[in-house]
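J.: There's a structure below that I have some questions on.
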Amino acid sequence: MEIKKILVSQPKPTGDKSPYYDIANKYGVEMVFRPFIKTEGLTAKEFRQSKVSIADYTAVIFTSRAAIDNYFRLCEELRVKVPDTMRYFCTTESIALYLQKYIVYRKRKISFGATGKLNDSALLAALDKNNKEKFLFPVSDINKDDDKVLEQHGLNVTKAVMFRTVSNNFQPGEDLDYDMLLFFSPAGIDSLKKNFPDFKQDNRYIYLGAFGPTVAKAIQDADLKVDLVVPNEKFKSMTAALDDFLEHHQ
11 MEIKKILVSQ PKPTGDKSPY YDIANKYGVE MVFRPFIKTE GLTAKEFRQS KVSIADYTAV
71 IFTSRAAIDN YFRLCEELRV KVPDTMRYFC TTESIALYLQ KYIVYRKRKI SFGATGKLND
131 SALLAALDKN NKEKFLFPVS DINKDDDKVL EQHGLNVTKA VMFRTVSNNF QPGEDLDYDM
191 LLFFSPAGID SLKKNFPDFK QDNRYIYLGA FGPTVAKAIQ DADLKVDLVV PNEKFKSMTA
251 ALDDFLEHHQ
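Counting from 11, one number per residue, gives the positions in the sequence shown under my numbering.
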């Protein structure tokens, strides 16, 4: 079946340059960016119930931009002044650079990994070097990060739920008129079933792509067929895999 319209369940890229736009031009397909899920920050009152005192920590571990936004938002709402001595540890460089929205970027206080995982060798080396710090780890209510490696390294880490992941509801009567859907979180599959409870691939087949094995499993658990799983033996990024997929399905 020819693919003409693809829904990417992520926010629209900022700026005019993106591999998704290159793919759209190359194959003449329409790319629609429509997240199935969104994050919603806990209120200061809700966060206080966790009994976590942000001011007690000397370092923070970030695995997403949403974690950064909600950490600094709660600091402001709780009137916690973030000291200049605070150290930051991020799973990727792009997440680390996002800190510039809130602080003056100083490399000696900011460390990051290359793989996006907590078990990244460079990130763990930086954490071990600063193992006397008291680490705060802002997460969502459905956090899937495997943080056992932090315990194995004997780090003093406290997880703190600062935001929740909720379904991004579609409008009544809104059609799912796409030839392919790309998912990046199991919560996105839950949202698909919530918004379109009768969704099946029987009548008009819609290809489904998954980033990560947990997302692929969520698709299969929903009695749906997954057509593209990334990373795989050939491709690490969704855009590279999508380019190849379209080349063989147009």
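The beta-carbon is built from N, C-alpha and C at its ideal position, and this holds for glycine as well.
Small disclaimer: the values here were computed from a predicted structure and weren't measured.
Is residue 40 helix, strand or coil by DSSP?
T.: DSSP places residue 40 in strand when its eight states are reduced to three.
J.: Restricting to runs no shorter than 3 residues, where is the beta strand (DSSP E) found entirely within the segment 78–131?
T.: Counting whole runs of 3 or more residues, the segment 78–131 contains the beta strand (DSSP E) stretches 97–100 and 120–122.
J.: Could you tell me which residues DSSP puts in a beta bridge with residue 217?
T.: Bridge partners of residue 217: 190.
J.: Starting from the C-beta of residue 17, find all residues in its chain whose C-beta is less than 6 Å away, skip the five residues before and the five after it, and write them out in chain order.
T.: Counting only Cβ-Cβ distances below 6 Å, and skipping sequence neighbours, we find 42, 44, 188 and 191.
J.: Would you say the segment 166–173 touches the segment 198–211, given that touching needs at least three Cβ pairs under 8 Å?
T.: Contact fails: fewer than three Cβ-Cβ distances are below 8 Å.
J.: Can you say whether residue 186 is buried or exposed, counting buried as having 16 or more other CB atoms within 10 angstroms of its CB?
T.: It counts as exposed.
J.: When DSSP labels each residue in this structure, what does residue 55 get in the three-state scheme?
T.: Residue state, collapsed to three classes: helix.
J.: In whole angstroms, give me the CA-to-CA distance for residue 220 and residue 194.
T.: Each residue's Cα considered, the two are about 6 Å apart.
J.: So for residue 46, helix, strand or coil by DSSP?
T.: Note: residue 46 maps to coil in three-state DSSP.
J.: Looking at the unbroken alpha helix (DSSP H) that takes in residue 229, where does it start and where does it end?
T.: Unbroken alpha helix (DSSP H) run through residue 229: 223–231.
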